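Residue numbers (our numbering): 1 to 350. Positions of the beta carbon are idealized from the N, C-alpha and C atoms, including for glycine. All values reported here derive from a predicted model rather than from experimental measurement.
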């Protein structure tokens, strides 16, 4: 999400399940009947997924769908088709997602989430299909290599393959039911990022940003990562906080995207917590490499080498923050660096 990562291969299963939901909705408007013919419905679905339709919660949700008026079912068909293709409209000034509201949307909410819960609870062994949150995290780690060993949002070290972390619905599935199974809406992240005090059920869109063209105002998992659009700085005040701002050459929406990212995850605040340790690490590394008879020029050259060697790391949150800080320090003049590290216990001869 902050990092540019790929979806897990098993994410194609939710994509196929979305097609199944669309088939159910299309079936519901083929006639004006108020009761589904489940045998006929089963016959039209892939064999691997037929057992899901027999689950009690799914069965009941389908029955409620058919009790809606025909025009309400037609509306749900159109709504589902509209939202399921959101990735095609990232830069469309007129497109916006439909949020859940009204009795008919409540039925769609129940149907989509019942199928998600049923699939995530484990597919029958005879189906030959495997999908659940743990598999998604494991495959995410495998396909993303080094980036699969950290949270894609805050860059905290994680072992997704060992079951750490959580699978988050970037657009909350109760608020955006159509996206409950969308492959681009399922993102493995750390439990800190998904906690009640950070993201949890918050929408990635601030209320004032909702409306036509709203997708242009947010970063999106797999589709529009934040990192390529962001540059970092460290505030000049005594607290030394990490701040993000649009990179040179980015468009007019980048600042709004950063604002929404910060509202969701409070990254600047959380990354800033480790800054003091990073500063101490740099001082310690510099002390180890410097001799008591270093000239000011030699000392500065060693400091610049340390700063540049630590930039652009994504091996973990501490290393990542260290890279941010080192890049920022490397923009300073020699005199500014001398003043900043004046308390280093280094014997620098002039």
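Which term fits residue i, buried or exposed, when burial requires 16 or more other beta carbons within 10 angstroms of its beta carbon?
i	result
residue 192	buried
residue 60	exposed
residue 33	exposed
residue 335	exposed
residue 182	buried
residue 167	buried
residue 1	buried
residue 79	buried
residue 207	exposed
residue 235	exposed
residue 49	buried
residue 90	exposed
residue 114	buried
residue 224	buried
residue 332	exposed
In this structure, does DSSP put residue i in helix, strand or coil?
i	result
residue 204	coil
residue 197	coil
residue 188	strand
residue 252	coil
residue 82	helix
residue 281	helix
residue 115	helix
residue 1	coil
residue 295	strand
residue 59	helix
residue 321	helix
residue 263	helix
residue 13	helix
residue 107	helix
residue 349	Unreliable placement is indicated for residue 349, whose pLDDT of 43 sits below 50; the coordinate value is still reported in the next sentence. Reduced to three states, the DSSP call for residue 349 is strand.
residue 50	helix
residue 40	helix
residue 332	coil
residue 95	coil
residue 67	helix
residue 210	coil
residue 72	helix
residue 305	helix
Please tell me whether, using a cut-off of 6 Å, the distance from the CB of residue i to the nearest non-hydrogen atom of the ligand NAP is below it.
i	result
residue 307	The ligand content of the structure shown is nil, which means the ligand NAP is not present either.
How about residue i and residue j: are their beta carbons less than 7 Å apart?
i	j	result
residue 180	residue 112	yes
residue 170	residue 87	no
residue 163	residue 134	yes
residue 84	residue 13	no
residue 243	residue 268	yes
residue 325	residue 278	yes
residue 323	residue 313	yes
residue 96	residue 8	no
residue 264	residue 152	no
residue 137	residue 172	no
residue 155	residue 320	yes
residue 31	residue 66	no
residue 77	residue 25	yes
residue 190	residue 158	yes
residue 227	residue 272	no
residue 202	residue 209	no
residue 301	residue 311	no
residue 303	residue 286	yes
residue 131	residue 119	yes
residue 72	residue 92	no
residue 94	residue 212	yes
residue 329	residue 307	yes
Does any C-beta atom of chain C lie closer than 7 Å to the C-beta of residue i?
i	result
residue 263	Judged by its chain identifiers, the structure shown contains no chain C, having just a single protein chain.
In this structure, what does DSSP give as the bridge partners for residue i?
i	result
residue 220	224
residue 177	Bridge partners of residue 177: none, in fact.
residue 232	244
residue 339	Paired residue(s): none; residue 339 is not in a bridge.
residue 351	Residue numbering for the chain in the displayed model covers 1 to 350; residue 351 lies beyond these limits and cannot be assessed.
residue 157	150
Check your understanding: Is the region 53 to 61 close to the region 144 to 158, with three or more CB pairs under 8 Å?
Key -> no
Review point. Are there three or more Cβ pairs, one per stretch, closer than 8 Å when the region 43 to 51 is compared with the region 12 to 23?
Key: yes
Review point. Do the region 282 to 301 and the region 256 to 267 touch if we need at least three Cβ pairs shorter than 8 Å?
Key: no
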